[in-house]
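>
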Amino acid sequence: MPSALHRRGDAAPDGDRLRSCAIAGRSFGRAIALPGLLLLVATTACRTPTAAPIAPVAPTRMASHPAVPPLAPAPAPTAVVSPTLDVIATTSLVGDVVKAVGGERVAVHVLIGPDSDPHDYKPSPGDLAAIEAATIVFENGLHLEVSLEPLLASFHPAGDRGAQRIAVSDGIATMRGAPPADPADNPHVWWDPVRVKVWVRNIAAALAAADPPGSAVYQANATAYTAELDALDIWIRAQTSAIPPDRRVLVTDHEVLGYFAAAYGFTEIGAVVPSVSTEAEPSAKDLAALEAAIAAHGVTAIFTGETVPTALGERVAADTGTRLVSIYAEALSAPDGPAGTYVAFMHHNVTTIVEALR
Ligand SMILES: [Zn+2]
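In the numbering used here, each residue's number is its place in the sequence shown (first place is 1) plus 267.
1) Considering threonine 519, what are the terminal residues of the beta strand (DSSP E) in which it resides?
2) Any heavy atom of ligand 1 closer than 7 Å to the Cβ of valine 540?
3) Assuming valine 373 contacts leucine 395 under a Cβ cut-off of 8 Å, what Cβ separation, rounded to an integer in Å, is found between them?
4) Please name the residue in Val364, Ser349, Thr357, Ile355 whose C-alpha comes closest to that of threonine 608.
5) Excluding five sequence neighbours on each side, which residues of the same chain lie with their C-beta closer than 6 Å to the C-beta of phenylalanine 612?
6) Would you kindly work out how many angstroms separate the C-alpha atoms of histidine 614 and lysine 389, rounded to a whole number?
7) For valine 610, which option in Asp497, Pro350, Glu412 has the closest C-alpha, if you only look at C-alpha atoms?
8) Could you give the DSSP three-state label for leucine 250: helix, strand or coil?
9) Using three-state DSSP, classify aspartate 452 as helix, strand or coil.
10) Going by Cα to Cα distance, which pick from Val368, Pro350, Thr358, Arg625 is closest to threonine 490?
11) State yes or no: is the C-beta of glutamate 581 nearer than 7 Å to some heavy atom of ligand 1?
12) Give me the residue from Ala529, Ala623, Ala400, Ser436 with the minimum Cα distance to glutamate 231.
13) Mind checking whether the beta-carbon of histidine 410 lies closer than 7 Å to any heavy atom of ligand 1?
14) Is glutamate 406 close to ligand 1? I mean its beta-carbon at under 7 Å from any heavy atom of the ligand.
15) In this structure, how does DSSP classify histidine 376 when only helix, strand and coil are distinguished?
16) Let me make sure I understand the geometry here. Which of Ala471, His564, Gly525, Glu399 has the alpha-carbon closest to that of methionine 442?
17) So the beta strand (DSSP E) leucine 591 belongs to, where does it begin and stop?
18) Check the C-beta distance from aspartate 452 over to histidine 410 and give it rounded, since I have them as a contact under 8 Å.
19) So leucine 378 and threonine 402 are supposed to be a Cβ contact under 8 Å. How far apart are they, rounded?
20) Taking alanine 530 as the reference, give the member of Lys366, Val516, Val592, Trp458 with the closest Cα.
21) How many Å lie between phenylalanine 405 and arginine 432 at the Cα?
22) Look up aspartate 459 in the DSSP assignment and say whether it is helix, strand or coil.
23) Could you pull out every residue in the same chain whose Cβ sits closer than 6 Å to the Cβ of tryptophan 466, ignoring the five residues on either side in sequence?
24) When we look at the beta-carbon of aspartate 513 and count the other beta-carbons within 10 Å, is it buried (16 or more) or exposed?
Here's what the structure looks like:
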């Protein structure tokens with residue numbers, strides 16, 4: 268769902284701008300009503316959990332002293348663990364963190380995977396089967412997936428035992444859109460790794476509740492991954508410190524970087540589409556105001572998500588002498604791409620932002 272979460276032209280009601288930062292899924296109803304169509308849709312990517320990487324074996328030096336005891340025999344290889352839980356993650360970002368916490372005990376099916384456009388997304392037969400079989404559905408929450416609601420509700424109605432829906436962002440200190448138009452919570456919490464630590468806690472708790480024998484494994488994985496997030500936060504602080512304060516100004520295609528800006532001392536001065544949604548056309552007045560702000564702040568780059576239409580952005584860039592710089596805003600890349608995991612996503616994006624601004 269690369270940043271095409273909200274494509275212009277797919278009109279949403281006024282006043283629903285933050286909410287429309289949601290995965291659009293009007294097509295779901297049609298897809299359910301017309302199951303024959305499902306035969307035509309492509310299967311979305313679904314990564315199965317991979318075995319933990321085998322630690323590289325240190326090269327063995329020839330013993331120069333005869334008293335050195337022989338190496339102990341290698342332990343017998345551990346049997347491959349079959350996943351204990353089948354779960355759903357709505358987005359590739361949520362799915363990656365679930366995989367980090369669940370490890371080999373959890374098979375994660377991501378509904379809207381890398382390279383998938385949520386506006387064109389239709390559940391494949393594999394998606395529907397996975398949803399039906401899942402024990403837990405992990406969602407970002409904060410209204411990001413509001414358009415998936417009819418689909419998920421049809422499979423996991425409230426009160427259906429054994430079919431939990433977990434909003435991983437529950438408990439996060441949220442930010443709001445710019446009043447008065449965007450009074451709802453900003454859903455783009457993953458742009459702050461410290462907030463993602465709340466995802467980790469929620470995911471570990473939900474997995475442990477569903478699979479008590481795995482509790483210790485989930486807790487250990489959560490602890491290790493939380494340490495990775497702390498290290499990522501420290502790394503981002505070090506990287507962004509290279510940008511002079513007067514250049515810590517962000518312009519985006521739509522308002523996705525609010526949490527990043529707040530966490531690392533940036534100001535999001537405007538967006539080509541002045542909303543967390545790209546569904547509304549900015550007015551001529553909006554564009555004039557943005558271009559004036561760009562000029563006033565000496566902005567040199569506009570950050571755009573991978574698949575958001577760029578025609579307007581190109582126009583603003585041409586008008587203001589700035590350039591468009593691509594980031595991964597709302598989804599991972601393919602696994603072998605530059606943003607194949609959440610941590611890689613942040614590394615890639617921060618490096619891109621720092622290089623563009625300093
Ligand atoms: Zn968004």
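Using N, Cα and C, we set each Cβ at its ideal position, and we do this for glycine too. No experiment lies behind these values; they were computed from the predicted model shown.
The relevant details are as follows:
1) As a working note, residue 519 is residue 252 in the sequence shown. It spans 516-519 - the beta strand (DSSP E) in which threonine 519 sits, taken as one unbroken run.
2) For this step, residue 540 is matched to residue 273 along the sequence shown. False, no ligand heavy atom lies under 7 Å from that Cβ.
3) In the sequence shown, residue 373 corresponds to position 106, counting from 1. In the sequence shown, residue 395 corresponds to position 128, counting from 1. Contact doesn't hold; Cβ gap of about 20 Å is too wide.
4) In the sequence shown, residue 608 corresponds to position 341, counting from 1. The shortest C-alpha separation from threonine 608 is found at Val364.
5) As a position in the sequence shown, residue 612 is number 345, starting the count at 1. For phenylalanine 612, where only same-chain residues beyond five positions count, the Cβ hits under 6 Å are Tyr595, Leu599, Ala606.
6) The residue you call residue 614 lines up with position 347 of the sequence shown. The residue you call residue 389 lines up with position 122 of the sequence shown. Going by the C-alpha atoms only, they are around 31 Å apart.
7) Translated into the one-based positions of the sequence shown, residue 610 becomes position 343. Comparing Cα positions, the closest option is Asp497.
8) For the chain, the structure presents residues 268 to 625; residue 250 sits outside this window and is missing.
9) Against the sequence shown, residue 452 aligns to sequence position 185. If DSSP states are grouped into helix, strand and coil, aspartate 452 belongs with the strands.
10) By 1-based counting over the sequence shown, the position of residue 490 is 223. Minimum Cα distance to threonine 490 is reached at Val368.
11) Working through the sequence shown from its first residue, we reach residue 581 at position 314. No, since every heavy atom of ligand 1 falls outside the 7 Å radius drawn around the Cβ of glutamate 581.
12) Since the first residue shown for the chain is 268 and the last is 625, residue 231 is missing from the structure and cannot be characterised.
13) Locating residue 410 in the sequence shown gives position 143, counting from the first residue. Not under cutoff, so the answer is no.
14) Here residue 406 corresponds to residue number 139 of the sequence shown, with the count starting at 1. No - ligand 1 has no heavy atom lying nearer than 7 Å to the Cβ of glutamate 406.
15) Within the sequence shown, numbered from 1, the residue matching residue 376 stands at position 109. Three-state result, histidine 376: strand.
16) As a first step, residue 442 must be located in the sequence shown, where it is residue number 175. Residue Gly525 is the option with its Cα nearest to methionine 442.
17) Here residue 591 refers to the residue found at position 324 when the sequence shown is read from its first residue. Start and end: 590-593.
18) The count along the sequence shown starts at 1 and reaches residue 452 at position 185. The count along the sequence shown starts at 1 and reaches residue 410 at position 143. With 8 Å as the limit, aspartate 452 and histidine 410 qualify as a contact, their Cβ atoms being about 7 Å apart.
19) On the sequence shown, residue 378 is found 111 positions in, with the first residue counted as 1. On the sequence shown, residue 402 is found 135 positions in, with the first residue counted as 1. About 15 Å; that fails the 8 Å criterion.
20) For the purposes of this step, residue 530 is identified with residue 263 of the sequence shown, where counting begins at 1. Checking every option, the nearest Cα to that of alanine 530 belongs to Trp458.
21) On the sequence shown, position 138 is the one that residue 405 refers to. On the sequence shown, position 165 is the one that residue 432 refers to. Roughly 6 Å separates the two Cα atoms.
22) In the sequence shown, the residue the question calls residue 459 occupies position 192. If DSSP states are grouped into helix, strand and coil, aspartate 459 belongs with coil.
23) Residue 466 sits at position 199 when you count from the first residue of the sequence shown. Once the five neighbours on either side are set aside, the close Cβ partners of tryptophan 466 are Val364, Val435.
24) Stepping through the sequence shown from its first residue, residue 513 is reached at position 246. Burial call: exposed.
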